[in-house]
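Enquirer:
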Amino acid sequence: MDHVDLLVHSAGANPAVRYLSRHPERVDRRALITPGVRAVGLTITDRLRRETVLPRRDEPWFPAAFAALEAIGAGAATIEKFRAIAPFFYSRWDEVAQAHKAAEGEQVNRDVVAAFGADGAFGPEADRTALARFAAPVLLLAGEVDVGAPAPTTAEFTAFFPGAHLVVQPEAGHCPWLDDADRFMATTVEFLHGAATHVP
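Take any residue in the sequence shown, count from 1 to its spot, add 829: that is its number in our numbering.
#1: Taking the straight line between their C-alpha atoms, what separation do you get for A961 and G972?
#2: Less than 8 Å between C-beta atoms, sequence neighbours within five positions excluded: which residues of the same chain meet that for H1086?
#3: When the Cα atoms are used, what is the spatial distance from A868 to K910?
#4: Grab the span of the beta strand (DSSP E) containing D857 for me, first residue to last.
#5: Identify whether V1018 lies in helix, strand or coil by the three-state DSSP scheme.
#6: Give me, in chain order, the residues of the same chain whose beta-carbon lies closer than 6 Å to that of A840; leave out the 5 immediate sequence neighbours on both sides.
#7: By how many angstroms is the C-alpha of Y848 removed from the C-alpha of I873?
#8: Compute the Euclidean distance between the alpha carbons of I908 and A900, then round it to the nearest angstrom.
#9: Cβ atoms of F917 and V976: under 8 Å apart, would you say?
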């Protein structure tokens, strides 16, 4: 396969950035869905995460989740606290969201996760330079209420791509296809079909 389109989600954006920086000639279009930003050296501040979640203060689960988020930001992270903030990653903490979160444990290889962010895994300066030369269209899709990849940080990410197109899906969390599948599909399909006519 000479050329590929890349559609990646969350932390998957980081190895995708690395791949693109090394093999830009093999990639036609990219769609980054609520993307991780470690590969380009961006930082998500505790203040931004707090600002992202505070509009949800009336949710019944908010007090416990917010206390856990504050503890994590203060350096007191535990597995229990990470579990407690799960509602912040979804627009609705309903049965669908809870089932999705519960299935995560079966899908994650902890050893791989540990190696994923090891020292030297990323080269932000080199990757940012490479991205600036990537002229093909790039979709960056953020969720309006996503604490994992806040929309303002995703907007910062767009600055590294000449052909970036930012979309913020209303009332969406970290997995926007769960919150509004029709809107998510319409956005991504429209982008991929339209971008096909602009690939250099």
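Beta carbons: idealized from backbone N, C-alpha and C, even for Gly.
Expert: Quick answer:
#1: Start at 1 with the first residue of the sequence shown, and residue 961 comes out as number 132. Start at 1 with the first residue of the sequence shown, and residue 972 comes out as number 143. Cα atoms of A961 and G972: separation of roughly 24 Å, rounded to the nearest angstrom.
#2: The structure shown does not extend to residue 1086, since the chain is modelled only from 830 to 1029, so the question has no answer here.
#3: What you label residue 868 is simply residue 39 of the sequence shown in a count that begins at 1. What you label residue 910 is simply residue 81 of the sequence shown in a count that begins at 1. Roughly 26 Å separates the two Cα atoms.
#4: Position 28 of the sequence shown, counted from the start, is the residue given in the question as residue 857. Counting along the chain, the beta strand (DSSP E) containing D857 begins and ends at 856-862.
#5: Counted from its first residue, the sequence shown places residue 1018 at position 189. Looking at V1018 - three-state DSSP - the assignment turns out to be helix.
#6: For the purposes of this step, residue 840 is taken as the residue at position 11 of the sequence shown. Closer than 6 Å at the Cβ level, and outside the excluded window around A840, lie G865.
#7: To locate residue 873, count along the sequence shown from 1; it is residue 44. To locate residue 848, count along the sequence shown from 1; it is residue 19. Here the alpha carbons of Y848 and I873 stand approximately 23 Å from one another.
#8: The residue given as residue 908 occupies position 79 in the sequence shown. The residue given as residue 900 occupies position 71 in the sequence shown. Going by the C-alpha atoms only, they are around 12 Å apart.
#9: Locating residue 976 in the sequence shown gives position 147, counting from the first residue. Locating residue 917 in the sequence shown gives position 88, counting from the first residue. Taking the C-beta atoms as reference points, F917 is found nearer than 8 Å to V976.
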